[in-house]
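Chains as they are written, first to last, in this note's numbering: chain G, 5 to 215; chain S, 0 to 255. Just so you know, even glycine gets a beta-carbon here, dropped at the ideal spot from N, CA and C. Treat the numbers as computed from the prediction; the structure is a model and nothing was measured.
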C-alpha cells in the first residue's frame, strides 16, 4: 500500500485520525485536573490500569512511529520532486500557512513529545508506585514558567498542524462530499482551537495557581 | 491606461543539460491591451533585431484551450489572474515600472528543454497508461448518447474533462504532485457508464505511471485547484483516492 503515492496519503490520514482520537482523550483526562486531585488521579489510574487502554498504548506508539516516519519520508520525496526551486514564488496566494508547514509543526510536536515523555510518561509509568502522585507531578512541572512556555508553544504548533491535518485526513481517505465536507472543515477548525486553547489553558491554570 | 515600461527577469537555459540563470531585460512602450505572450513577442523581436537568441516559450492556440502555454509569472502559475492561462493574461494586470519574474514549470518529472519550455511528455505517458476507453469500432458502435446519464454526473464528468493538461497544478504544488491532472483524467471516465468498465484497471495504471514519473505526493494544500486555469476541483482527487482504494482492495485488477 505504501508503495503508491495514494497509499502513502491514506496511511498518513488514517494514523492522523487515530492520533486525533488519542489527543481528544488526553485533553479530557487533563481537564479533570481543573476539578481537583481526586478526579485527575482517578482518571490517571483508569488510563494506567484499564486493559483496553493498556493494549491500545502499543497501537498508539505504532501510530506515532508510522505517522512520523511516513511524514519525514514524504517530505524527502516531495523535495526531490522539485530539484531546482523557483527564484520567485508566492505560495501564500494559493494555499494556507498550515498546509505548507506541516513538517515544521510536526517536528516541533515531535521534539515536544520527547520532552513530554521524559517529564510525564516515564515517571507516571515506571517511577510512581500508586497513581496518587500524578496530580502532584503535574502541579510541580507546571509551576516551572519555562516549561509552561515550551508547552504552550508546542500546542500552538499542534494546533496549526491540526488546522490542516484534520480536514486533510478526510480528503486523503476520499471522504469528500458536498453535503459533509463543509461540516468537516468547520469541525476541524473548532477542533484545532479546542486542542490549542484547551491544553495551553490547563497548563497556564496550574502555573498561575502555583504562584 | 498609458503604455508601460517593464523590467523582466527571465530564466535562460541553453538546453536540458546546461545550468540556467535569471537574466534581466527591459521592455518599453508595452500596450496594456496586449497579451502577456504578445509582450514576450515584442521582446523577442527586439532580441532578434539585436542578433541575440530569442527567448523560447511554449504557445499554440493563444485562446486558452490547447494547454500549450505555461510560464510561472512572479511566483504564480499562469500569472496573477485566476481561471486563465498565460495566453489569456493581459498586460493590464500589471503596472508601469513593475518587475516581472518569468520562470518555467519546475518539476523533476517535467525537465526544462530550453529557457521556459519544459518536457510535459510525462502527462502523455500517464494518459497512455489508462486515460481512455476501449470501444469496438466494428461498425455496430452504440451511440454514446443512447445511455441515460444523470445530469449531475454528466456535469461533473464534463468539468473534469475541461482539464487541458497544461501542468499548472504540478508547477504550483509545493510537492510537485500531479494528482489534480491525473484525478481529472480518472474522474471524467469514472463518472460515466462507458468509463466504469475499465475504471479499476485505469486508476491503478495511471497512478502507477504517475508515481513512476517522479511526481511528488499530494498533501492537500489545495494550491492546484486555485491555480488551475480550468477550475478543476479537489473533489476529483478525493474521487481518485476512493477509486484507487476500492480498485486496490476490492477488485482483482492488477497493474499492467
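Residue range of the unbroken beta strand (DSSP E) whose run includes residue i
i                     : result
residue 8 of chain S  : 3-11
residue 98 of chain S : 98-102
residue 7 of chain G  : First-last for residue 7 of chain G: undefined, no H or E at that position.
residue 26 of chain S : 20-29
Minimum C-alpha distance to residue i - residue among the options
i                      : options                    : result
residue 204 of chain G : G:214, G:171, G:154, G:18  : G:154
residue 9 of chain G   : S:245, S:208, S:116, S:22  : S:208
residue 46 of chain S  : S:113, S:26, S:252         : S:26
residue 83 of chain S  : S:222, S:23, S:62, S:254   : S:62
residue 104 of chain G : G:82, G:125, G:27          : G:82
residue 124 of chain S : S:152, S:179, S:108, S:114 : S:108
residue 72 of chain S  : S:131, S:247, S:9          : S:9
residue 31 of chain G  : G:213, G:18, G:48, G:16    : G:48
residue 139 of chain G : G:89, G:73, G:25, G:36     : G:36
Continuous alpha helix (DSSP H) stretch holding residue i: start and end
i                      : result
residue 248 of chain S : 234-248
residue 143 of chain G : 138-145
residue 118 of chain G : 106-120
residue 111 of chain S : It is not in any alpha helix (DSSP H) - residue 111 of chain S instead sits in the beta strand (DSSP E) that spans 111-113.
residue 158 of chain G : 149-176
residue 77 of chain G  : 55-84
residue 179 of chain S : 178-189
residue 206 of chain G : 185-214
residue 209 of chain S : 198-211
residue 125 of chain S : 120-127
residue 127 of chain G : Careful: residue 127 of chain G lies outside any alpha helix (DSSP H) and carries neither H nor E.
residue 222 of chain S : 222-226
Closer than 8 Å at the beta carbon, the chain S residues around residue i
i                      : result
residue 175 of chain G : 219, 233, 236, 237, 240
residue 14 of chain G  : 240, 244
residue 90 of chain G  : 71, 74, 102, 105
CB contact below 8 Å: residue i versus chain G
i                      : result
residue 226 of chain S : yes
residue 206 of chain S : yes
residue 75 of chain S  : yes
residue 11 of chain S  : no
residue 6 of chain S   : no
residue 100 of chain S : yes
residue 23 of chain S  : no
residue 249 of chain S : no
Short CB-CB distance (under 8 Å) between residue i and chain S
i                      : result
residue 81 of chain G  : yes
residue 127 of chain G : no
residue 85 of chain G  : yes
residue 163 of chain G : no
residue 78 of chain G  : yes
residue 136 of chain G : no
residue 52 of chain G  : no
Contact set between residue i and chain G, taken where Cβ atoms lie within less than 7 Å
i                      : result
residue 210 of chain S : 8, 9
residue 199 of chain S : None at all; the shortest Cβ gap to chain G is about 14 Å.
Cross-chain neighbours of residue i in chain G, by beta carbon under 9 Å
i                      : result
residue 80 of chain S  : Within 9 Å Cβ-Cβ: nothing; residue 80 of chain S doesn't reach chain G, min ~11 Å.
residue 222 of chain S : 95, 97, 98, 99, 103, 104
Contacts of residue i in chain G (Cβ-Cβ under 8 Å)
i                      : result
residue 214 of chain S : 9, 85
Residue i Cβ short of 7 Å to the ligand ZN heavy atom set
i                      : result
residue 252 of chain S : Annotation note on the ligand ZN: not contained in the displayed structure, which lists no ligands.
Chain S contact residues for residue i, given Cβ-Cβ distances below 7 Å
i                      : result
residue 166 of chain G : Result: empty, since nearest Cβ-Cβ is about 13 Å, beyond 7 Å.
Residues of the stretch 186-205 of chain G whose Cβ lies closer than 9 Å to any Cβ of chain S, in chain order: none
Residues from the stretch 92-124 of chain G in contact with chain S, defined by Cβ distance under 8 Å: 92, 93, 94, 95, 97, 98, 99, 100, 103, 104, 106
Contact residues within the stretch 8-39 of chain G, judged by C-beta distance below 7 Å to chain S: 8, 9, 10, 12, 13, 14
Proximal residues, the stretch 164-181 of chain S versus chain G, C-beta separation under 8 Å: 171, 173, 174, 175, 176, 178
Residues within the stretch 147-158 of chain S neighbouring chain G, beta-carbon criterion of under 7 Å: none
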